[in-house]
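There are 4 protein chains.
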Amino acid sequence: MVRAGVVGSTGYAGYQLSVILSQHKNVSIVFLSSHSYSNMKLSDVYGNLTGILDKVCIDMQTVESKLTEIDVLFLALPHGQSFDLVEKALSAGVKVIDIGADYRLRDYKEYEKWYGVTHKLPNRLKDAVYGLPELNRERISSSSLVANPGCYPTASILALAPLMHTGIIDNASVIIDALSGVTGAGRSANISSLFCECGESVKAYNIACHRHTPEIEQQLSDVAGDKIILSFTPHLVPMSRGILATCYGNLKKSISQNELYDLYRSYYKNENFIRITDTLPETRYVKGSNICNIALRVDERTNRVIAVSAIDNLIKGAAGQAVQNMNILFGFYEHAGLDMIPNIL
Amino acid sequence: MVRAGVVGSTGYAGYQLSVILSQHKNVSIVFLSSHSYSNMKLSDVYGNLTGILDKVCIDMQTVESKLTEIDVLFLALPHGQSFDLVEKALSAGVKVIDIGADYRLRDYKEYEKWYGVTHKLPNRLKDAVYGLPELNRERISSSSLVANPGCYPTASILALAPLMHTGIIDNASVIIDALSGVTGAGRSANISSLFCECGESVKAYNIACHRHTPEIEQQLSDVAGDKIILSFTPHLVPMSRGILATCYGNLKKSISQNELYDLYRSYYKNENFIRITDTLPETRYVKGSNICNIALRVDERTNRVIAVSAIDNLIKGAAGQAVQNMNILFGFYEHAGLDMIPNIL
Amino acid sequence: MVRAGVVGSTGYAGYQLSVILSQHKNVSIVFLSSHSYSNMKLSDVYGNLTGILDKVCIDMQTVESKLTEIDVLFLALPHGQSFDLVEKALSAGVKVIDIGADYRLRDYKEYEKWYGVTHKLPNRLKDAVYGLPELNRERISSSSLVANPGCYPTASILALAPLMHTGIIDNASVIIDALSGVTGAGRSANISSLFCECGESVKAYNIACHRHTPEIEQQLSDVAGDKIILSFTPHLVPMSRGILATCYGNLKKSISQNELYDLYRSYYKNENFIRITDTLPETRYVKGSNICNIALRVDERTNRVIAVSAIDNLIKGAAGQAVQNMNILFGFYEHAGLDMIPNIL
Amino acid sequence: MVRAGVVGSTGYAGYQLSVILSQHKNVSIVFLSSHSYSNMKLSDVYGNLTGILDKVCIDMQTVESKLTEIDVLFLALPHGQSFDLVEKALSAGVKVIDIGADYRLRDYKEYEKWYGVTHKLPNRLKDAVYGLPELNRERISSSSLVANPGCYPTASILALAPLMHTGIIDNASVIIDALSGVTGAGRSANISSLFCECGESVKAYNIACHRHTPEIEQQLSDVAGDKIILSFTPHLVPMSRGILATCYGNLKKSISQNELYDLYRSYYKNENFIRITDTLPETRYVKGSNICNIALRVDERTNRVIAVSAIDNLIKGAAGQAVQNMNILFGFYEHAGLDMIPNIL
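Protein chains in written order, with the working numbering: chain A, 1151 to 1495; chain B, 1151 to 1495; chain C, 1151 to 1495; chain D, 1151 to 1495.
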């Protein structure tokens, strides 16, 4: 039985994580914690959990005193707020899975440039492993600090990795055009996330400057063995959950759509959370699950490949992947606690 | 007073057209017609119009006998259904504005390839003018047959024309990634358009094979003076109205974002329905209006320009543009009947 | 030309009011004002208005100095914040139309009980007229202080007034079960109004204690000539605009549905914003307009009448009705500036 | 291991049932069947199930030949289509759980009056048990034919039963005002269920004539020991899942809200799917689960009680309750396969 603590359990990702952990047969939740709702039950914030998960959220200060009682600490915090706690946890021998952004970029200067804050724990970055199991399973298994990927990067990297690995597209030609549901903006009381402000409308945002860009580039550069610079455009769409990434690359040589499918099916042949489908993905096909759907099209007119992926941003894009990483860290069956069927409706 | 007839007035575009025409001070609606709802009032189908626009829709057969009573015929039909009627209307000296797709492509073979039906009126194509006023105003003014642009093409061409005109991007590099609301699928009783099938989800569809592609390419080729082949990916998003087009091109030479804005502002300096904004477009900013919003970003990391446009697919993308074309045809103020303020909520 | 000032122009009702006034041929907007967005353009807050209504919102302090420049002051403020300004405006001879709740209840003690704040202007209440033109047109026309009705009360009172007037239902039996879109909660950054908190869900709220209850009772008591106590239950539904009120009453004597329709058609025979329809109302039938739809059903099994009404909460339930009141106050055609066609889509 | 067959597995209720059964440890699905999608995989219709539930749906004709292979037959068909098959199944000793409406009303004349079709199996009605476990658990356990309750009746009866049982309200005063998501209209390609027709709008429908009315009255009459006639008004709201029932009754004697809560908590003290909450229900609190939330308010001003309940219409209102009934029929733990946590997002 792994003893787990969750920091930031009342945000959307933290909520989802708490629910998944509460159902996980190998996990005992030692504490949930919250900044805004400390000393309240999780079910006071998420009324669906009344009678199901009524655990009281401790405050952030109390977390430190509980580090000796846990084996793994999950953090679901805004960037820049994890440093002190992560240092203490690691020093105490607690494994850390950070759902936030603080340990995803290897180069702290890149982090500081994109996030605009000082990185207080640069010396821990060399030990951090980017927690995308489909690419880094081995390194995750022996890590103490797992940097759980962002939601856009999860969808984007999984869609593009086989292409980059094979080297059949022009590395300078990659464009990722992605759509996200509104949970991606978190549970903060922002006017831009109001029902009447984002319903019945779509927009692009943070064009050419979204913070998930360097994270995608770093991982795909690893896969390609080349320095990848790409364009990434996020859009907000009026739905709660889900990410769809439509990814473009120029083919360096001719390949049929069937060959492309073979390539992907081979690359992901042992991956149970990757579902390569002939049908184009819809986010509802993966909603509520840890599954990533991927479909492919070759555009013979333009000699481009288009790879489309869909995930649930809160699960494969956050909490589910964090639990998948925990399963790897502690030697559990990688599916443990993650066999949710997508709830299309 | 122009005497107008509308064919297909109970579909979404036809409905919108009927409403706009009913408010137009220079227009008298001689007839509305409908295939599915003939002999019913328009307000029986669109309950909002009760007491406002209770005109009975005549059936398609009766339309022919009314051609002598009108000056202009609007058609809002599925592709392939306009041929007989258009021939009769033109022969009778009636000007025709077709909201459908039958006269947009100059080459009937291209039409037959993409649409999979026989073109029965190829000899009329040379006289048809692609009704995008911002590009073709002069030719529209003297035309008898206006091929009203598709919704995706309107947004895409307007976003890209200044770039193609100036020749600052690599013509082979153009990618258009576009999002559409569900009215784009029409008012047919298809399961895929049900609330529970397209709500809370997004998908890409018709990748590399959408019928609006050749139309975009034809017009941008004209602007560029070069044969343009591009990638176009449509997505369905859970909202009723609106199109957002995110368009990418590789810069052939360096240009600052400010210079790019100057270029667009100059190109569209006399266009009152084009709104160049610093802020990125949201479809709600143009909903209910004939306006097209465009914003620009230069991605210095990848040396790409990203142009984003937003329109209301039923207005600037269909009925509003049709009325704009009518205004040009008959010498009215181009804004007549089209001064609707976007209704953000 | 009436010179108008708007206080609170960046909330949803204030926004809608500003747009309607800007299109009104008899109105000159002297100032818009805002607490949260002072010194910003209205179009900075509502991007749809860029190039259309770019007027800068003055701050609240500056409003006072402008009172001498206007004929009518509109207020769209949270309750309890209007007192000082209203006193100054009235003293300066400016007519006041308050979209808020501060002057709707004749008895300041009732106000203080339901709203929990001190009424600072009780002596002005006797001069205030409840601005529901269909009931109080004459008194409105000679008033200086119009208390614009709440959204739920507008829908509820209009649905029930003919019944109460005729005395055919048991006055103790009235139940109003109403549904509201999310703009009813205002444009405040509250978590409960987030897309992900109120989308895909419905709830009842403030059962037996909603502040619109005494306002409905006061007006219906006037109509009935009897003290009315009723049940009112508001619900929040995932849409932006619209109110639907389903109203129940026990019939004291038998009446057919046709007779009931005759009664309503007669009662509202001169009202152009009331639309009595055989078809049951849908909020989309009135969205974007100043129209109130009403339909009736007699349930012979239970001997009850059910009257259902629908309005756009921001127009007939707020800004549109305020302009209707202004038209009455200044002797304009009551429809002036209010002929918007409902935009079903 | 119970061997189960499902008829009508591609409608929304049938889909949900198929998913729940596929996860149920005591059930083996012998066949799924479909009229519209026979010989297709369930996952061809519900893309979320690809790789998870790829069972091919047999056609309706083949079902008969499979009756000998199953212990229980679930039917999810439109009313009037079950008679032949149910007779054959019962004759073959197969237990039947009908999610449709054909066996809910004891009196076949009532059925024929409300549903407008001939009941072909009136002699089986005396053996049918109305499958609301909270009221009829004992009789269900020994039944061969379970008539699974409608969605509105489940929410309404559960909200009102304790009141009717106790006799503290005037039986003639009951009004049920209910809201339903769009899955309630089924997965038929009807224009009224299109995204653009039911999004951003609400309506009441079938006032005083909805077919669920007699079913509610029959059950509440049983509980009250009195003939109950009540008003029931359904509304359609723009969400996929969920029913909220707001129920009114006039108190015959004074009771405090706390006493009322005690009454309900006592009445449902052994019910694990009933959750009595202080907080008013929101449908998202029960979405995806078999739970029914109930909250209570006493309106002292009008001397009324308001009971509000929320369920997921496809689960507690259909498929989940069907499985709950199966669990009772076969002696399984009543929660088996039904421990889904409500997925608020």
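We put the CB at the ideal spot given by N, CA and C, even for glycine. Note that the structure is predicted; figures quoted are calculated from it, not measured.
At a cut-off of 7 Å between beta carbons, Pro1492 (chain A) contacts chain D. A contact is defined here as three or more CB-CB pairs under 8 Å, and the region 1206-1216 of chain B meets this definition with respect to the region 1182-1198 of chain B. Residues of the region 1423-1435 of chain B with a Cβ closer than 9 Å to any Cβ of chain C, in chain order: Arg1425, Thr1427, Thr1429, Pro1431, Glu1432, Arg1434, Tyr1435. Contact of Ser1293 (chain C) with chain B is not assigned, every C-beta pair being separated by 7 Å or more. Put simply, of C:Arg1451, C:Val1436, C:Ser1459 the residue whose alpha carbon is nearest the alpha carbon of Leu1488 (chain C) is C:Val1436. Taken through DSSP and simplified to helix, strand or coil, Val1152 (chain A) comes out as strand. Taking a beta-carbon distance threshold of 7 Å, Ile1357 (chain B) counts as an interface residue toward chain A. When DSSP assignments are scanned along the region 1404-1474 of chain D, the uninterrupted stretches of alpha helix (DSSP H) that are 4 or more residues long and fall wholly within it turn out to be 1407-1417. Taking all protein chains shown into account, Ala1297 (chain B) has 16 or more neighbouring C-beta atoms within 10 Å of its C-beta and is therefore buried. The straight-line gap separating the alpha-carbon atoms of Ala1278 (chain D) and Cys1348 (chain A) is approximately 49 Å. Contact with chain C is absent for Asn1298 (chain B), since none of that chain's Cβ atoms lies less than 7 Å from the residue's Cβ.
By the beta-carbon neighbour count (other beta carbons within 10 angstroms, threshold 16), His1485 (chain D) is exposed.
Nearest Cα to Ser1323 (chain D) within the set D:Thr1452, D:Ala1154, D:Gly1158: D:Thr1452.
Residue contact check for Leu1394 (chain B) against chain A: a CB pair falls below 7 Å.
Look at the region 1187-1211 of chain D: the residues with a C-beta under 7 Å from a C-beta of chain A are Tyr1196, Gly1197, Asn1198, Thr1200, Gly1201, Ile1202.
Counting only residues of its own chain and dropping the five nearest sequence neighbours on each side, Ala1154 (chain D) has a CB closer than 8 Å to the CB of Leu1171, Val1177, Ser1178, Ile1179, Val1180, Ile1220, Asp1221, Val1222, Leu1223, Phe1224, Met1476.
Along the region 1455-1467 of chain C, going in chain order, the ones with a CB nearer than 7 Å to a CB of chain D are Ile1456, Val1458. Annotation for Val1195 (chain A): the continuous alpha helix (DSSP H) segment containing it runs 1192-1195. Within the same chain, Leu1329, Val1352 come within 6 Å of Val1387 (chain A) by CB-CB distance, once the 5 residues on both sides are set aside. Between the region 1368-1387 of chain D and the region 1377-1392 of chain B there are fewer than three inter-stretch CB-CB distances shorter than 8 Å, so the stretches are not counted as touching.
Residue burial annotation: Arg1415 (chain B) is exposed, with fewer than 16 other C-beta atoms found within 10 angstroms of its C-beta. Taking 7 Å as the cut-off between beta carbons, the residues of the region 1470-1491 of chain B near chain C are Ile1491, in sequence order.
Contact of Cys1442 (chain C) with chain D is not assigned, every C-beta pair being separated by 7 Å or more. Between Ala1354 (chain C) and Asp1449 (chain D), the beta carbon gap of about 12 Å keeps them out of contact (Cβ cut-off 8 Å).
Nearest in C-alpha terms to Ala1460 (chain C), of all of B:Ser1232, B:Leu1192, B:Ala1445, B:Gly1197, is B:Gly1197. Within the same chain, Pro1388 come within 7 Å of Glu1350 (chain A) by CB-CB distance, once the 5 residues on both sides are set aside.
Excluding residues up to 5 positions away in sequence, nothing lies with its Cβ nearer than 8 Å to the Cβ of Leu1344 (chain B) in the same chain. The beta-carbon of Leu1344 (chain A) is placed less than 7 Å from the nearest beta-carbon of chain C. Cα atoms of Ala1472 (chain B) and Leu1285 (chain B): separation of roughly 14 Å, rounded to the nearest angstrom. Interface annotation, Cys1301 (chain C): not in contact with chain A, CB-CB separation never under 7 Å. The C-beta distance from Ala1335 (chain D) to Asn1340 (chain B) rounds to 15 Å, too long to meet the 8 Å contact threshold.
For Arg1391 (chain B), the chain C residues whose Cβ falls inside 7 Å of its Cβ are Leu1495, in order along the chain. Three or more beta-carbon pairs drawn from the region 1389-1398 of chain D and the region 1299-1319 of chain D are found closer than 8 Å, and the two stretches are therefore classed as touching. With its beta carbon less than 7 Å from one in chain A, Glu1350 (chain B) belongs to the interface.
For Ala1242 (chain B), no Cβ of chain D is located within less than 7 Å of the residue's own Cβ. In this chain, Phe1345 (chain B) is not harboured by any beta strand (DSSP E); it is covered by the alpha helix (DSSP H) spanning 1345-1348.
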